[in-house]
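Here the first sequence stands for residues -8 to 539, numbered as in the working numbering. One structure is given here, and the rest of the page talks about it.
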Amino acid sequence: MAGTMCQFMADIRTSLSGALRAALVAAGVDLPGDFQVGLERPARREHGDWSSNAALVVAKGAERRPRELAEELAAWLGEHQPEHVADVSVAGPGFLNFRLAPSWLHRVVLDAVACGSEGYGRQSLGRGRTVIVEFVSANPTGPVHAGHGRGAAYGDAVARLLERCGYRVQREFYINDRGSQMDLYAASLAAAQKGEPVPEEGYHGRYIADWASEMPAGADARNWGRERALADQRDVLGSMSVEFDTWSSEQALVDSGVIGDTLDALDRAGASYGSDGAVWLRSSDSGDDKDRVLVKSDGEYTYLLPDIAYHRDKLDRAGPEGLLINVWGADHHGYVARMKAAMSALGCDPDRLEVAVTQLVRLERNGAEVRISKRTGDLIELREVLDEVGADAARFTYLLQSVDTAPTFDLAKAAAQVMENPVFYVQMAHARVCAIADRARAGGVVRQPVEEVDLGVLVHERELEMMRRLSAFGEVVKAAAVERAPHRVTAWLRDFAAAVHGFYHDCYVVGDGVAPELTQARLALVTAARVGLAAGLGTLGVSAPESM
RNA sequence: GCCCACGUAGCUCAGGGGAUAGAGCACUUGCCUCCGGAGCAAGGGGCCGCAGGUUCGAAUCCUGCCGUGGGCGCCA
């Protein structure tokens, strides 16, 4: 039953676009087979609750004047009004503006209460399709740093969004536990243990000395170091509630022998060739700048070859309909073309591999830049960020902006417990809404079941605004999932929280001057607000505290 | 030099074919009998980097240029 309730927002769009389509047909317009009725929420309130540009889009093909056509459509719609529509008008060059009765917003309250925070805003576009989201995948040569934090927050939020849209999601971490970087790491640990200077090309972070001092005498620096780094990474990521379903080891992949299969497959496909004693991938045939080495002249695999085998394996695990999403840092963007080239060469649809590239984060503390530099040793570890600002603020701040931007993350501002801090502002809205419900309970208010409450008394502009914002959540979730853009949810939360604070300020729920039936209706609205805030925060992996 | 992303209010950033371009901070000014004023509201502030093009319509799409960041290893 709750499932059908949650379809309400989809229904209102369907109902409006269906009516528009019927109006167009009645007006004698021939619609293209793939015609989609444009329907959006106007930026300006006076343009109504929903608006369509259908007349503008169709006018040219129909050889009609947009404004005249719009007038005709409006007249027809006036005689055949869909449910909840109070008024249809024409504006500007030919926009059709729908003004809805408050009853459509009252349905939104029922919808939210019925769905709960886990169900509200759920979409069905995933239809059970498998998607493997690979993110963080830091080298096991040291702690995860602040830059990985962004990938962690982003990858996990994308996974959560996709889950809310009906995808079957696997979170995966790829361990690059092989190759020259691992050699250098092991050599650095071994040298530090013996009190010798670490190799110049090695790792110089302070953690090397710390970990070397923990390392038992006679331990294999490579294996011990790998486990030490992974344990550290797992621990830190876990403390911001990022958990992976699968940890895939490059070394294990190599040991299993599947690399040779991949090499053979590339050879059979004519995608590789030998030159200068090395084996090369013809990636330049598929849009890459140049060809890339798969097997070095000393017989060692490069990073690329096992990674191709790994992606082949992932595609296989995801199934024929499955999708791969990789979250890579900006320093790996040049790697996208060659991986896609390899996928094409192996006969896989390169569109099944998506790579989201996250730009670098500039880290500040009270306006002063803090450099992130893994190799030189003055790196800011993710652990430090979490200790300073907390997991909730870190996640929310990482997700404040699009991953296409290189934002500034001020640790001091993110940690501040003030309303100017968007994390605090949004969480505070949730806490306030919970406080109201507590207060009503403490005041002896007995709540009626929502379906028996007369929501028709909710007509205050603050209430309407809150319900309007709430009603957009499902569309926001869908857009955020499709665009792999969790920051859209962050932006929505800030707007919705502002509406909640406004309501809180102007609309008392319990108190002397509030009629009992209004208290009941507002308590239902408060529950709906709690659902919306908790649902939004939940898709970002941020907690919704009941008090602060 | 080539490749990718970005350039929007003083600052941090949303918006990514549609109507008069938005939010927070900062600045000016109002509002506390009562659910937490840790708040709410009003105001000032914009060649949407520049120049062309496509379109009924461009901050949004295309091309070029300028600027910023990142990448261009038989490292990972």
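In this text, a Cβ means the ideal position worked out from N, Cα and C, and glycines have one as well. Note that this is a predicted model, so its numbers are computed, not measured.
Ranked by Cα distance from residue 485, the first of 525, 71 and 510 is 525.
A direct Cα-Cα distance of roughly 14 Å separates residue 509 from residue 440.
Residue 144 sits away from residue 301, with the two beta carbons spaced by 8 Å or more.
By the criterion of a C-beta distance shorter than 8 Å, residue 30 is surrounded in its chain by 4, 7, 8, 11, 41, 42 and 43, once the five residues flanking it on both sides are discounted. In the three-state reduction of the DSSP assignment, residue 412 falls in the coil class, being assigned neither a helical nor a strand state. In this structure, 333 is the residue among 218, 333, 105 and 418 with its C-alpha nearest to the C-alpha of residue 255. Under DSSP, residue 237 shares a beta bridge with 163.
Burial check for residue 54: the Cβ neighbour count within 10 Å stays below 16, so the residue is exposed.
In the three-state reduction of the DSSP assignment, residue 396 falls in the coil class, being assigned neither a helical nor a strand state. Taking C-beta atoms under 8 Å as the contact rule, residue 330 and residue 304 fail to qualify, at a distance of about 13 Å.
Look at the region 294 to 363 and you find these whole runs of beta strand (DSSP E), each 3 residues long or longer: 314 to 320, 344 to 349, 353 to 356 and 359 to 361. Cβ neighbours of residue 380 within its own chain (closer than 8 Å, five residues either side excluded): 388, 402, 405 and 406. In the displayed model, residue 138 falls within a helix according to three-state DSSP. Residue 44 sits in coil when the DSSP states are folded into three classes, being neither helix nor strand. Annotation for residue 473: no beta strand (DSSP E) segment contains it, though the alpha helix (DSSP H) segment containing it runs 464 to 473.
The region 117 to 136 and the region 164 to 183 touch, with three or more beta-carbon pairs separated by less than 8 Å. The beta carbon of residue 327 is closer than 6 Å to those of 346 in its chain, skipping five residues each way along the sequence.
In this structure, DSSP gives residue 203 a helical state, which the three-state scheme calls helix. Rounded to whole angstroms, residue 185 and residue 263 show a C-alpha spacing of 44 Å. A direct Cα-to-Cα measurement between residue 109 and residue 517 gives close to 17 Å.
Pairing residue 104 with residue 519, the inter-Cα distance amounts to about 5 Å. Its Cα nearest to that of residue 138, the residue 320 stands out among 291, 320 and 169. Taken through DSSP and simplified to helix, strand or coil, residue 438 comes out as coil. Inclusion of residue 67 and residue 14 in the CB contact set at 8 Å is warranted, their separation being smaller than that value. DSSP, reduced to helix, strand and coil, places residue 487 within a helical segment of the structure shown. Note on the region 15 to 59: whole alpha helix (DSSP H) runs with a minimum of 4 residues are 45 to 53, in chain order.
Between residue 349 and residue 284, the gap from beta carbon to beta carbon reaches 8 Å or more. Classified as exposed, residue 447 has fewer than 16 neighbouring CB atoms from the shown chains inside 10 Å of its CB. DSSP links residue 214 through a beta bridge to no other residue. Buried is the label assigned to residue 57, since at least 16 other Cβ atoms lie within 10 Å of its Cβ. Apart from the 5 residues on each side of it in sequence, residue 242 sits with its Cβ closer than 6 Å to the Cβ of 168 and 169 in its chain, given in chain order. For the pair residue 531 and residue 148, the CB atoms are nearer than the 8 Å cut-off.
Below 8 Å, enough C-beta pairs join the region 306 to 320 and the region 111 to 129 to call them touching: three or more.
The residues 486, 487 and 490, in chain order, have a CB closer than 7 Å to that of residue 460 in the same chain once the five nearest residues on each side in sequence are set aside.
Secondary structure at residue 389: helix, using DSSP grouped into helix, strand and coil. Taking 8 Å as the cut-off, the beta carbon of residue 212 is found no closer than this to the beta carbon of residue 193.
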